[in-house]
Each structure stands twice: as C-alpha cells, then as structure tokens.
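Q:
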Amino acid sequence: ALEAVAREDLEDSEESQDLIAAALAERRAAALPPVVAAVRPKAVARLGLVGSAPQMAPLALMALAQGMKVAWADPDEARRAASLQWIAARQEAELKAGRLAAAQRDADQARLSALADPAALTGCDLLIHDAAGDVLSRLVRAMPAAPQLVAGGAEGAMGLSLAPSARLAELSLPAGAAPPQVAVAVQFLRRLGLVPVLEGKMPVLGRRSMAAGRAALARLLAMGVPRRVLAAALDGFGQALPDLPDPAEPAPMRSMAEEEVLRRWLGAMANEGLWLLDARVALRPSDIDLVLVAGFGFPRWRGGPMHHAARRGLMVLRRDLRAWAEDDAALWTPQPLIDRMIAEGRRLADLQG
C-alpha cells in the first residue's frame, strides 16, 4: 500500500507529467498521415547532395554509416575539399574511439564521390540540395522522378532542417505533397536514426521558437535584469543561458524573481508557437515541444513551452503577455489565435489532433 501511494505521488508530480507530455509528443509525431503510412517506399540506396549547406556533411556521414552510396556535388573546389576533410576527420575520430573498424571506414569512403558539376548526378533515389535557378532546373531534368528536399526549406517544396542535436529532422511539406515522395523522405530520415517531424510550409519550428526565447532573455538583459539572475533561473530549469550580446544602452539594475524570468522566457516561446500554429507551419503544439526537446536541448523533464502554456491555461498566458507587452510589444503581444481560442472555449489540447 505504501509503494502504491508513493507511485501515485510520483505520477502526480510535475516532472512526471512533463515527461509524459514529452513521450506523447513523440508518439503523435510518429503517426504519419494515412495516405503516407499506406505507402511502402523503396529504400534509398544512392543519395545525392548538392551545395554547401551546413547540414550536408552530417547527412553524408550518417548515410555512409548506413551503407548508402553518396554523391556530393559542389562547384566550389575548396568547399568540396573541406567537406571531404570534415568527413574523414569524423571517421578517424570514430576509429580511434573504437566505434568504427578500419575496413568499415575504407568501405564508407569508397561509397562517397565528390563531383564538380551537379548535372552529373544521375540515378539517385533521393536528392537534397540548396540549389536554385539554372542549377536546379538541370537537376530536375536529370532526375525528374527522384524526391527532392531543399536544405533549409523553400516555398512550394519539401524542405529539410537538421536539428543541432543531429537526433531530429524537421520535414516541411507543401500543399499537395505526393505521399510516395513523403514516404521516401520519412523512411530515409528514420534509417539515419533521426526523428522526422512533419511541418507545413517551412522547417523552422526550432529556429523560430528558440529565437523568440533568446529575444526575451536579451530584452530582460536590456531592461536591467542582471545576467547572473538570468543564468541562475535557466540553470535551475535545466537549460543553459545562450550567448547574449551586451545591451547597446545599459539600463539601471532591475530586480526580478527567477520565476518571472522563466515565465517571460517560456511565454515568448509559447506565443511564437501559437503564431506557428496559426500559420499552419506547426501541425500541433506537441510538435513544437518535441523539436525543442529532441533537437535543441530543451530539458525533456520539463516537457516544452507549449506544454507549460497548456498547463497554465490560455487566459493566464494572455494576461501575462498583455502585462509584459508594455516592456516589448513586438515580443510579448498575444497572438490573435489566443483571443479566438478563448472566445470559442477551446484549449491548446484541442489542437493536438
């Protein structure tokens, strides 16, 4: 009986509820749309990369580790050489750590080819590029049937953004995206060990949400809240304080409770998340939390900013945002979606789908 009561107490704790929210976010993101889940895509055996986006090298390394052939085209010779050196250095580090055998390293390197002309890429099962204009039109002509992902995203195209943790990838889908191509991209990302999160328009959930939180902290610093107070508040929450530039015009020192620092920080991210939901960039609130937890280092045992907003309630969030908007209207003015949801009697949980 004592153990049963102790278990109930733990299950009712905030940490337990936050961890449950993180687990449910993963489960929701893993459930693909029925038209995509019904497709049995062909496995990617040859990956084509074009350009010099920062995520190209990690993707190439992960694909090689899974036995794929990788053809990487970049017209800039110096960039090509630097990219190959980066991959070789990572392989050597894995070799020294005992996580990679010399024979496997040699086999991986044999499956990697570097090309100067993107038009020479043929026979790829999937193409990831940051190309545009004439280069892009030539790629489309060379491989009209291969699914194509734009690194960083682009309007009207499937976009890909690899999170800093290299454990999650944001996959944005344009309206009417072909289910077979989506299925190929999802299977490819999962094979690399990445958690794919489907989004609309552009793959920017993590970047936009983290930028809002960073902007809130920078504003508090400019208002005179000591940097040590900001650092202590986030450290107690389980998050490191990001690098913040010194204010151009330092304000007099201002006292602020660590709890308020956290609420302003989380509120700014939740407010940005509501904009992303309203614009149909985010498909559900828990996707935002998942991207931040698995991709950007947000503490898993804290659930995520959207989970926190849901627990406090939209009316409380709106009240806080209205008060904080006096300090920075652009940052903390409540998103119109909050007013509409309150007027309709809806909660954030209603947007989970």
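Just so you know, our numbering puts 294 at position 220 of the sequence shown, and the rest follows in order with no gaps.
Even glycine gets a Cβ: it sits at the ideal position worked out from N, Cα and C.
(1) Between the Cα of ALA184 and those of ALA225, ILE202 and ALA139, spot the shortest distance and give me the residue it belongs to.
(2) Could you tell me which residues DSSP puts in a beta bridge with HIS203?
(3) Enumerate in chain order the residues of its own chain whose CB-to-CB distance from ARG358 is below 7 Å, with the five nearest sequence positions on each side excluded.
(4) Taking 7 Å as the limit between beta carbons, can you name the residues of its chain near LEU174, skipping five residues before and five after?
(5) Quick one: residues in its chain with C-beta nearer than 7 Å to the C-beta of ALA289, no 5 flanking neighbours on either side, listed in chain order?
(6) In the segment 324-400, which residue ranges form an unbroken beta strand (DSSP E) of at least 3 residues, counting only runs that do not cross its ends?
(7) Alpha carbon to alpha carbon, how far is MET232 from LEU263?
(8) My parser needs the beta strand (DSSP E) runs of 3 or more residues fully inside the segment 138-183; what are they?
(9) What span of residues does the alpha helix (DSSP H) with SER90 cover, start to end?
(10) Let me check understanding here. Comparing Cα to Cα, which of ALA296, VAL110 and ALA137 lies closest to ALA252?
(11) Going by C-alpha distance, which of ALA96, GLU77 and ALA219 is nearest PRO379?
(12) Terminal residues of the continuous alpha helix (DSSP H) containing ALA259?
(13) Taking the straight line between their C-alpha atoms, what separation do you get for LEU245 and GLY312?
(14) Spatial neighbours of VAL269 within its chain, please: CB distance less than 6 Å, with the 5 preceding and 5 following residues excluded, ordered by chain position.
(15) Give the range of the beta strand (DSSP E) segment to which GLU273 is assigned.
(16) Counting pairs of Cβ atoms below 8 Å between the segment 298-309 and the segment 377-397, do you hit three or more?
(17) Look up SER283 in the DSSP assignment and say whether it is helix, strand or coil.
A: In brief:
(1) The shortest Cα separation from ALA184 among ALA225, ILE202 and ALA139 belongs to ALA139.
(2) In the DSSP output, where bridge partners are listed per residue, HIS203 has VAL124 and VAL224.
(3) Around ARG358: ARG102, LEU425, GLN426 and GLY427.
(4) Sequence-distant Cβ neighbours of LEU174 in its own chain, meaning closer than 7 Å and more than five residues away, are GLN165 and GLU168.
(5) Answer for ALA289: ALA342 and LEU405, listed in chain order.
(6) For the segment 324-400, there is no continuous beta strand (DSSP E) assignment of 3+ residues that stays within its boundaries.
(7) Spanning the two alpha carbons is a distance of roughly 13 Å.
(8) The segment 138-183 contains these whole beta strand (DSSP E) runs: 143-147.
(9) Residues 88-104.
(10) Checking every option, the nearest Cα to that of ALA252 belongs to VAL110.
(11) Of all alpha-carbon atoms in ALA96, GLU77 and ALA219, the one lying nearest the alpha-carbon of PRO379 is that of ALA96.
(12) In the DSSP assignment, ALA259 falls within the unbroken alpha helix (DSSP H) covering 253-265.
(13) Computed Cα separation, rounded: 28 Å.
(14) Apart from the 5 residues on each side of it in sequence, VAL269 sits with its Cβ closer than 6 Å to the Cβ of LEU242 and ALA368 in its chain, given in chain order.
(15) Annotation: the continuous beta strand (DSSP E) that includes GLU273 extends over 269-274.
(16) By the criterion of at least three beta-carbon pairs nearer than 8 Å, the segment 298-309 is not in contact with the segment 377-397.
(17) In this structure, SER283 counts as helix in the three-state DSSP scheme.
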